[in-house]
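Chemist: Okay, here's the structure, questions in a sec.
Put into structure tokens, the structure is as follows:
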């Protein structure tokens, strides 16, 4: 029924079925995709293809038996331009019998499109050939030997250029033109190099080609082209084979062409792509080392040293050609071509040679870490590159390399780079990495990391394990637990150093066993009996295994963890290093060691527990020789496990890592820009850092990354990139260095990520307090003739500031050194500044708390003895450092430094760094002061009482913004707070009280006024809750009357005390007027006792100067005229003095000329000998005027 059933229903079904069938790809699309896939396969197989070609390459002896094709075909561009410039010399060559053998053979073309380009060029040049006067020129233009004057066709792909093609029919017809008959039998082929190098990748770069189709009139002019330079490098065969596998080798031509054509290049490549080691080699082989130094900056000293050694090994060059220079050491010579250094070293070189005339290329490596020096170097080099380009003699090339670089910070920053630099992305040699997120984010990430490592080692196949934790203490804790859980394999060779005896090994083993017993004491493992029964089952009996000795194999006497076995023994609420959450890990460790239910859940049997694990720590404070142990292959049969901080993210590539355990945390140092208080807080790392950590698992094979946090936390709470360091720390030294370079307006400096204006203002204020800067007022005329002007105040560096900047320490320490040349204080000041500049010199131990540890008792007694009594005790914590460094230097001269540091709780690496800094500072002082010949004396005597007092005053001058006052009992309102605030102090900029650190030697003395080295905030546990507290450390007692005298910039001078305790007086020795003042300090105006200081330079000082001038106290020649004065000297100080014309006129002259002492009088008299004569004669009768004028001025 047509009315009920649709008539076209069946047809609709057929249509619907046809629409379901979709064509995936058309023939054209399929061909295009197949072409792309083929290109990628060729690119991937390029390294193996090149290696195969090297194996079958003909030797030089075989090549000498053949005749070069260049003799019988095109002469090439180089010969063409040489003939244009110097003329053509025709040499008749005898054609051999083989010359005509190949006639009639089909021509083979190796340059795609070359015939077509040549014909197009000839057609365009035909009109110029018709002129009879230009026959010779036209013939030169129509020379078919010239190939490649126009740009190469970019559309032709790489694979097409490798094919041989037969000429098409159209091209055959075009060749039959009359103009082409004389050249129809010539062939166009590629030019073969005269020498075939051993390395296939190291072919000299061709110079950039000329513009397309030059007009005939200009074509005869010789073009100035720079020839390509190639420096041959003889490499080892194994090294060359390893280099060919690096991804960056495939991009060498692109990279070098980009560097040659652009002043600034950004190179973004993942860690492992080979950019740090290969880019300097590319530049050296391209001849940049012949034009100047190739400089590479690294943010860390470890990376600078290791990279220089690696590049020297790969290039088979001595260390005097590939050298390094860091803060304290280096091996740079006059023969150096490649120079690795820290960024601070290059910044110092810019101060001496702003244009870096010795360098031809500068590479900023690891730019993503965004250190302060790296940021300022980018800003300076962006300007230096432009200045060198304007000079035109030797342009500078800047290469910025990074792993996870925020390219937008550079490409979108027009203030930094006027032209957007090209960005080259290099694929890393990366295998796929499977990322495993946790379902939840546990608070106790140490416990989770330990359990995850145990699972990986007992369940998963071979492959190294890399664990990321936050700090040195966590690293050492994890290393101890893993070494006890999985002892290393026994080796018959004994220790590597051969210094340890059997008895010493046994003693160390007993000590470590006792320590772990103390950790596990009192913690029973669950289901111990049942697990014991299971082990007694005959069917599950394990074979008798040898007992594993932890310390007997491959471990030196001073192990990595030994320095931290007693770290932070003081677990009181005042300690900043109290770590929570370790007890749970100890419970798990005891459970695993006893074979409890947790061991059963993880499937850890006795056999698996005896699988050896080679555990090594890695952190920045670890000595370099122990850091290098991670590159040594582990013992046979052992799995490598590296427990590291974030230093292993990008700086070092650890071999054979397949498993990464990422805690997702890092210890961040937060800085309060207003108060200057720092805080070490464990925070989540950034997404870029997390991806860097995961990438470590895919260097040698497909790997796995186990993240101990959930994907939701990763997406929501992780920032994309870590903030730059320049925005996270004080920039006092940075501002002072830039001021010394002549950069007055630091705000306008082209930072990649500029610091906050608040930071820069705070830094300038602190430098003004230190008198490193001074404020000057400038007046600028806006419009000529109108009289309109604008005044502005800028800060300029002083002579004292330049002296402070000459020392490689913080500005506050630089001022201490600049003022310590009196009373033989320089040796002690250098030693003290070097000790204060190095972090964590002494092991943490409370000097006022009871401790059962023997070593802690010995350390406590030794440090109290070093502190001494009386004036020595008032110097406080710096006195302990001073004597510790002096005693360590004496022990070093006896050859017992390592034993001395271990016995007295001193970090060996810190002492070595202090000694290097002492040597450097001593050399700086000897270089700047001619009469000085200081040395680092191992038998330096202790300072005298007077010298200790002067050192306290120097520390006050350097720490003028770090002064604290003990909290008075009158300000404690509640009785319950008396005990809690017993050690409390007040800071001028903080309302909340701060506390003395538990390790301070002055904790019992509690002086009223102190200066300190550092204020830091931490969270301490009080009961079950955590409370934030601020502590100060590096305490030195000061006298309050010193404040107005030595640091008047931080005090508020309220009034000059003209009567009590004594009136102002003139000090002829210092040529100044001294008086007692009433002053306060801080925003809450803490009162200070009356102090004798130099009188402030104002109108009152001019009055007293005039009084002493008239009375003859300054100049003795004026004393006889005192009785003849019309106004007494004391009348100058009266309130009505300004109404007396002679007094008012004299005061105005003194104030206008800024005369505040006798030295200023002498300066003005050298310019005008009659200065102040008329004003003085107004105070005398007319009869005395001629007598005074005869001998004026009254100089001393």
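Numbering (full-length UniProt numbering), first residue to last: 1 to 1196.
Even for Gly, the Cβ is constructed at its ideal location relative to N, Cα and C.
These numbers were taken from a predicted model, which means no experiment stands behind them.
(1) Return the residue from the list 837, 996 and 833 that minimises the CA-CA distance to residue 952.
(2) Residues in its own chain within less than 6 Å of residue 294 by CB, not counting five upstream and five downstream?
(3) Using only alpha-carbon positions, find the residue among 1078, 1067 and 1048 that is nearest to residue 1054.
(4) Can you name, in chain order, every residue of its own chain whose Cβ lies under 6 Å from the Cβ of residue 828, other than the five neighbours on each side?
(5) Going by beta-carbon coordinates alone, are residue 959 and residue 802 separated by less than 8 Å?
(6) Taking residue 48 as the reference, which of 241, 433 and 28 has the closest Cα?
(7) Could you check which residue in 474, 820, 744 and 234 has the C-alpha nearest to that of residue 644?
(8) Whose C-beta lies closer than 8 Å to the C-beta of residue 323 among residues of the same chain, with five residues either side of it excluded?
(9) Would you mind working out which of 365, 397, 663 and 306 sits nearest residue 449, comparing C-alpha positions?
(10) What did DSSP end up calling residue 331 once you bin it into helix, strand or coil?
(11) If you follow the alpha helix (DSSP H) that residue 477 is in, where does it begin and where does it stop?
(12) Threshold first: 4 residues or longer. Then list the alpha helix (DSSP H) segments lying entirely within the stretch 662-734, N to C.
(13) What's the C-alpha gap between residue 142 and residue 228?
(14) Which residues in the same chain as residue 257 place their Cβ atom closer than 6 Å to its Cβ, once the five residues preceding and following it in sequence are excluded?
(15) Between residue 685 and residue 665, is the Cβ-Cβ spacing less than 8 Å?
(16) Residue 932: buried (16+ other C-beta within 10 angstroms of its C-beta) or exposed?
(17) Return yes when the C-beta of residue 353 is under 7 Å from any heavy atom of the ligand SAH, and no when it is not.
(18) In chain order, what residues of the same chain lie with their CB nearer than 8 Å to the CB of residue 246, ignoring the 5 residues before and after it?
(19) Output the boundary residues of the alpha helix (DSSP H) element that contains residue 60.
(20) Would you tell me roughly how many angstroms separate the C-alpha atoms of residue 187 and residue 268, rounded to the nearest one?
(21) Please tell me whether residue 374 and residue 421 are closer than 8 Å, where the distance is taken between their beta carbons.
(22) Does residue 639 come out as helix, strand or coil in the three-state DSSP assignment?
(23) Under three-state DSSP, which class holds residue 1113?
(24) Residues bridged to residue 989 by DSSP?
(25) From residue 244 to residue 726, what distance separates their C-alpha atoms?
(26) Should residue 102 be labelled buried (16 or more other beta-carbon atoms within 10 Å of its own) or exposed?
(27) Figure out for me which residue from 809, 904, 718 and 934 has the closest Cα to the Cα of residue 824.
(28) Only counting the same chain, and skipping five residues up and downstream in sequence, which positions put a Cβ closer than 8 Å to that of residue 946?
(29) Our contact map puts residue 446 next to residue 478 with C-beta atoms below 8 Å; I'd like the distance itself, whole angstroms only.
(30) Could you round the C-beta distance between residue 399 and residue 259 to whole angstroms and report it? I think they count as a contact, below 8 Å.
(31) Here's the rule: buried if 16 or more other CB atoms are within 10 angstroms of the residue's CB, otherwise exposed. What is residue 730?
(32) Have a look at the DSSP bridge pairing and note the partners of residue 467.
(33) Taking the Cβ atom as the reference point for each residue, do residue 465 and residue 659 lie within a distance shorter than 8 Å?
(34) Closest by CA to residue 619, which one among 1042, 261, 1085 and 469?
(35) I'd like to know if the stretch 1036-1045 and the stretch 1059-1072 are in contact, where contact means that at least 3 CB-CB pairs between them fall below 8 Å.
(36) Which runs of the alpha helix (DSSP H) fall wholly inside the stretch 225-299 and span at least 4 residues, in chain order?
Modeler: Per the coordinate set shown:
(1) 833
(2) 280, 283, 288, 338 and 361
(3) 1078
(4) 943
(5) no
(6) 241
(7) From the listed residues 474, 820, 744 and 234, the smallest Cα separation to residue 644 is found for 474.
(8) 308, 330, 331, 332, 333, 336, 338, 339 and 340
(9) 663
(10) Coil, per DSSP.
(11) 472-485
(12) 687-695 and 711-717
(13) Annotation note: pLDDT 43 at residue 142 (below 50); position unreliable, coordinate value reported separately. Rounded to whole angstroms, residue 142 to residue 228 spans 27 Å at the Cα level.
(14) none
(15) For the 8 Å CB-CB criterion, residue 685 and residue 665 form a contact.
(16) exposed
(17) Ligands are entirely absent from the displayed structure, and the ligand SAH is therefore not among its contents.
(18) The beta carbon of residue 246 is closer than 8 Å to those of 273, 274, 278 and 429 in its chain, skipping five residues each way along the sequence.
(19) Where residue 60 is concerned, the enclosing alpha helix (DSSP H) stretches over 60-63.
(20) Any reading at residue 187 must be qualified, since the residue scores a pLDDT of 37, below 50, and its modelled position is unreliable; the value itself is stated next. If I take the Cα positions, the gap works out to 43 Å.
(21) Taking 8 Å as the Cβ cut-off, residue 374 and residue 421 do not qualify as a contacting pair.
(22) If DSSP states are grouped into helix, strand and coil, residue 639 belongs with the strands.
(23) Correct three-state label for residue 1113: coil.
(24) None; residue 989 has no bridge partner.
(25) 38 Å
(26) Only weak support exists for where residue 102 lies, its pLDDT of 44 falling under 50; the value from the coordinates is given anyway. Exposed: under 16 other Cβ atoms inside 10 Å.
(27) Residue 934 is the option with its Cα nearest to residue 824.
(28) If we look at residue 946 and ignore the five residues flanking it on each side, its Cβ neighbours are 823.
(29) 7 Å
(30) 6 Å
(31) buried
(32) In DSSP, residue 467 forms a bridge with 643 and 661.
(33) Yes. Within cutoff.
(34) When C-alpha distances from residue 619 are compared across 1042, 261, 1085 and 469, the shortest belongs to 469.
(35) no
(36) Every alpha helix (DSSP H) stretch that sits fully inside the stretch 225-299 and reaches 4 residues is listed by chain position as 237-244, 252-261, 275-285 and 288-291.
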